[in-house]
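Using my numbering, the first residue of the sequence shown is number 272, and each one after it goes up by one. A virtual CB, placed ideally from N, CA and C, is assigned to each residue, including glycine. What follows is a short report on a single structure.
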Amino acid sequence: MSDQLPPEVVRVYIMGKEYLVPNSLTIQKAFEYAGYKWVRGCGCRGGICGACATVYRYPGTYKIEVGLACQTVVQDGMYIAQIPFFPAPKATYDVAQMQATTQAVQALYPELYRCMGCNTCTKSCPMEIKVMEYISAVIRGDLPEAARLSFDCVMCGLCAARCPAELKQYHIAELARRLVGEHLQPRSRDVVEQTRRLREGYFAKSLDELMAVDLDELKKRYVERETEPQEDDPNWTPKDKAYL
Ligand code: FES
Numbered sequence: 272m273s274d275q276l277p278p279e280v281v282r283v284y285i286m287g288k289e290y291l292v293p294n295s296l297t298i299q300k301a302f303e304y305a306g307y308k309w310v311r312g313c314g315c316r317g318g319i320c321g322a323c324a325t326v327y328r329y330p331g332t333y334k335i336e337v338g339l340a341c342q343t344v345v346q347d348g349m350y351i352a353q354i355p356f357f358p359a360p361k362a363t364y365d366v367a368q369m370q371a372t373t374q375a376v377q378a379l380y381p382e383l384y385r386c387m388g389c390n391t392c393t394k395s396c397p398m399e400i401k402v403m404e405y406i407s408a409v410i411r412g413d414l415p416e417a418a419r420l421s422f423d424c425v426m427c428g429l430c431a432a433r434c435p436a437e438l439k440q441y442h443i444a445e446l447a448r449r450l451v452g453e454h455l456q457p458r459s460r461d462v463v464e465q466t467r468r469l470r471e472g473y474f475a476k477s478l479d480e481l482m483a484v485d486l487d488e489l490k491k492r493y494v495e496r497e498t499e500p501q502e503d504d505p506n507w508t509p510k511d512k513a514y515l
């Protein structure tokens with residue numbers, strides 16, 4: 272099939288129709304190359320927002336593959352279908368009124384205990400997050416570990432879409448991170464202080480000035496910005512943990 276094509280071109284099938292596209296394109300760009308216009312799911316195009324979860328399969332196999340359309344490069348013979356996004360129901364809550372416990376998570380997501388350990392969620396994750404492991408951490412009450420393991424989640428929903436037990440892993444992880452941030456992690460004194468100053472209009476003038484500078488200057492200032500000490504910073508001292 273592809274041996275009749277130049278090496279830099281591959282044949283893909285989008286919604287069943289054949290297209291020849293450069294082999295360097297991502298699925299997202301291949302759609303555009305083929306003439307599709309992204310109206311929804313175009314997102315960040317950089318593997319961060321999770322808006323572009325997509326499914327495809329390779330020739331000669333029935334197995335459905337999943338990935339982020341903006342990150343997955345096309346391969347010869349790929350069958351691609353764009354399906355609607357994955358709006359798994361999300362609980363509403365006031366995180367400040369909750370406790371950082373498994374029971375609090377279970378009250379909102381009772382399907383938590385239906386996890387049967389099949390690991391399909393982990394295999395589906397385009398960010399290579401150990402999804403099943405963070406669900407296990409939630410179940411055993413280790414919310415900080417769940418927050419740590421899920422930190423890179425882009426909320427694409429592929430884990431939930433593939434889960435036979437119908438867990439909404441990415442919503443559960445988000446709740447775990449919020450509970451940890453609200454109740455278990457020390458407050459960042461700088462964030463608290465800067466938030467207060469922001470509310471009082473302390474930065475209004477400098478924000479106006481910032482809006483007027485060009486992109487290069489903005490990048491320079493970002494690189495040179497001050498950051499608060501981190502625990503792996505050699506200059507970090509225990510007193511830095513004495514947050515508000
Ligand atoms: S478009 Fe944002 S992750 Fe793909």
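By alpha-carbon positions, which one of Pro397, Val376 and Ala408 ends up nearest to Gly388?
Comparing Cα-Cα distances from Gly388 to each of Pro397, Val376 and Ala408, the minimum goes to Ala408.
Could you please give the first and the last residue of the uninterrupted beta strand (DSSP E) stretch that includes Val292?
It spans Lys288 to Pro293 - the beta strand (DSSP E) in which Val292 sits, taken as one unbroken run.
Does DSSP classify Thr297 as helix, strand or coil?
Three-state result, Thr297: strand.
Give the secondary structure of Gly317 by DSSP, where H, G and I count as helix, E and B as strand, and everything else as coil.
If DSSP states are grouped into helix, strand and coil, Gly317 belongs with coil.
Does the ligand FES have a heavy atom nearer than 7 Å to the CB of Ala340?
Yes, since a heavy atom of the ligand FES falls inside the 7 Å radius drawn around the Cβ of Ala340.
Sorted by chain position, which residues of the same chain lie with C-beta nearer than 7 Å to Cys434's C-beta, five sequence neighbours on each side aside?
Thr391, Cys392 and Gln440, listed in sequence order.
Who are Gly338's beta bridge partners in DSSP?
Thr325.
Within 8 Å, do at least three Cβ pairs link the stretch 283-301 to the stretch 335-354?
Judged by Cβ distances under 8 Å, the stretch 335-354 makes contact with the stretch 283-301, as three or more pairs qualify.
With the cut-off set at 8 Å, would you say Val326 and Ala305 are in Cβ contact?
No, Cβ-Cβ distance for Val326 and Ala305 is not below 8 Å.
Could you tell me the alpha carbon to alpha carbon distance between Tyr514 and Cys430, rounded to whole angstroms?
Any reading at Tyr514 must be qualified, since the residue scores a pLDDT of 41, below 50, and its modelled position is unreliable; the value itself is stated next. Roughly 36 Å separates the two Cα atoms.
Taking 7 Å as the line, does the beta carbon of Cys236 fall inside it for any heavy atom of the ligand FES?
Since the displayed the chain opens at 272 and closes at 515, residue 236 lies outside it and no answer follows.
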